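For reference, the structure discussed in these notes is given below.
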Amino acid sequence: MTKTPVVLVTASLTVATALTATFLIVTSTRGENTSFASSAGQLEVQTIAGGLTNPWALAFLPDGRMLVTERPGRMRLVTAEGQLSPPLKGVPEVWASGQGGLLDVVTDRAFAQNRTIFFCYAERASGGGRTAVARARLNDGSGRLDEVKVIFRQEGPLSAGNHYGCRIAQANDGNLFVTLGDHFTWRDEAQNLGNHLGKIIRIAPDGSAPSDNPYLGRTDAKPEIWSYGHRNEQGLAINPASGELWEIEHGPRGGDEVNIIGKGRNYGWPVIGYGIDYSGAKIQDGAARDGMEQPVKYWVPSIAPSGMTFYTGKLFKKWTGSLFTGALKDKMLVRLSLNGNSVTSEERLLQNLNERIRDVRQGPDGALWLLTDSSAGRILRVSPAAK
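Written out as structure tokens, the structure is:
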């Protein structure tokens, strides 16, 4: 893989683009108007739905409705107008403890024909939890999931409730990429190919390992592994401009990363990185080592990025080609300007909203749709304001 320049972001970072427009937010559940600055002109942020408990992921259906997961273990259908269905039946039992629960959901590329979805969640095992991936058929007429089948279970030391990863991206060939965290207390296992901790895997829709996976056939490695040396991967998406897989992961105190994922590559955790332990102690040997990949961008201090999408819509012409991610710790929406595989600038949005942004997706209407992570979670729609 060709290495690209690293962009360091600090708390003192300022956006290169002059921000002169007003950001108007309409929050129907709170009845407040707050102004923000944006490089794309005046924008409106509308609360589409509220009353969700720690919503984690959003996936659009062909008819404009959405599937939304709630971390305690519920999955709902939501109309474009914000009507919430009762929780869908058939969702497996999840281990809703710590950072675990019902997490990502995506629709199959052939969903219009097969009604298939994929989702991942924290599954209780003897002594802890692990990430599981399931396939199901959406039976929205009956308000349930049918033919639910677990197609993959993470192997390795179990989690006490942290660092599950659990983002899914489906490639054009139908294969699934899935992020698997290091379970926090087992960070050294991210360098061990003999388990799934701190890895990104690539599996077929039935859960099997594709024949061109990099470690297939090795007795000392799991056949599903695509890349390794990851910490807690919270964003995953395929760049439509290049077809490459991009990933965002949490560092410890500092060192959140944006990576371009290559087959069989080692991304360094916990050997190299740009952060320190929560205690202040040193973790890594340094920031670089031969044979280990560099991020295309990292944040010091951490912002806790989560959820990501490449913007290809027409509503925000100035933002076409940008990468968006939510931020949990710093409670904002982040836009990254790209030039090929280089990050050229950052714009920080919605900071005064004071909401943890868990997921960000581009809707079929070209708007940006966000999930706020709280016990009173909301679905927000970001669009240009009426002139």
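Numbering (my numbering), first residue to last: 2 to 388.
Note that CB positions come from ideal geometry on N, CA and C, so glycine has one too.
Everything numeric in this text was worked out from a predicted model, so none of it was measured.
* To do: Out of 81, 87 and 67, state which residue places its alpha-carbon closest to the alpha-carbon of residue 75.
  => Among 81, 87 and 67, the Cα nearest to that of residue 75 belongs to 87.
* **Residue of 129, 121, 253 and 128 minimising C-alpha distance to residue 135** => In terms of Cα proximity to residue 135, the closest of 129, 121, 253 and 128 is 121.
* Going by alpha carbons, who is nearest to residue 222 out of 368, 196, 263 and 349? -> Minimum Cα-Cα distance from residue 222 among the listed residues 368, 196, 263 and 349 corresponds to 196.
* To do: Would you check if the segment 306-316 and the segment 283-291 touch, i.e. whether three or more CB-CB distances between them fall below 8 Å?
  => They do not touch, by the three-pair rule.
* Asked: Whose C-alpha, out of 189, 312, 39 and 53, is nearest the C-alpha of residue 238?
  -> Cα-wise, what sits closest to residue 238 is 312.
* **Host beta strand (DSSP E) of residue 260 (start-end)** => 257-262
* To do: List in chain order: all unbroken beta strand (DSSP E) runs of 3+ residues lying wholly within the segment 172-203.
  => 177-181
* Asked: Can you tell me whether DSSP reads residue 316 as helix, strand or coil?
  -> coil
* To do: Report the three-state DSSP secondary structure of residue 377 (helix, strand or coil).
  => coil
* Out of 363, 330, 170 and 79, which has the shortest C-alpha to C-alpha gap to residue 324? -> For the residues 363, 330, 170 and 79, the minimum Cα distance to residue 324 belongs to 363.
* Quick one: any contact between the segment 320-340 and the segment 262-273, if contact means 3 or more CB pairs under 8 Å? -> no
* Opposing strand residues paired with residue 267 [DSSP bridges] -> The partner list for residue 267 (beta bridge, DSSP) reads 229.
* For residue 356, verify whether its CB is less than 6 Å away from any heavy atom of the ligand MN. => With respect to the ligand MN, the structure offers nothing, as it holds no ligand at all.
* Endpoints, beta strand (DSSP E) assigned at residue 126 -> 117-126
* Answer yes if the segment 150-165 comes into contact with the segment 110-117, meaning at least three C-beta pairs across the two stretches below 8 Å, and no otherwise. => no
* Of all the options 212, 318, 228 and 215, which has the alpha carbon lying nearest to the alpha carbon of residue 192? -> 228
* Asked: DSSP state of residue 44, grouped into three classes?
  -> strand
* Which residue or residues does DSSP assign as beta-bridge partners of residue 243? -> Beta-bridge pairing links residue 243 to no other residue.
* Go to residue 323, then tell me how far its beta strand (DSSP E) extends in each direction, as first and last residue. => Counting along the chain, residue 323 falls outside any beta strand (DSSP E), and DSSP gives it neither H nor E.
* Asked: Looking at the unbroken beta strand (DSSP E) that takes in residue 76, where does it start and where does it end?
  -> 75-79
* Assign residue 368 to buried or exposed, taking buried as 16 or more other Cβ atoms, counted over all protein chains shown, within 10 Å of its Cβ. => buried
* Which residue from 158, 138, 159 and 144 puts its Cα closest to that of residue 150? -> Shortest Cα-Cα distance from residue 150 to any of 158, 138, 159 and 144 involves 138.
* Endpoints, beta strand (DSSP E) assigned at residue 288 -> Taken as a continuous stretch (DSSP letters only), residue 288 belongs to no beta strand (DSSP E), as it is neither H nor E.
* Asked: Would residue 143 be called buried (16 or more neighbouring beta carbons within 10 Å of its own) or exposed?
  -> exposed
* Asked: Going by DSSP, what residues sit across from residue 349 in a beta bridge?
  -> 335
* Are the beta-carbon atoms of residue 55 and residue 72 separated by less than 7 Å? -> yes
* **residue 114, DSSP secondary structure in three states** => helix
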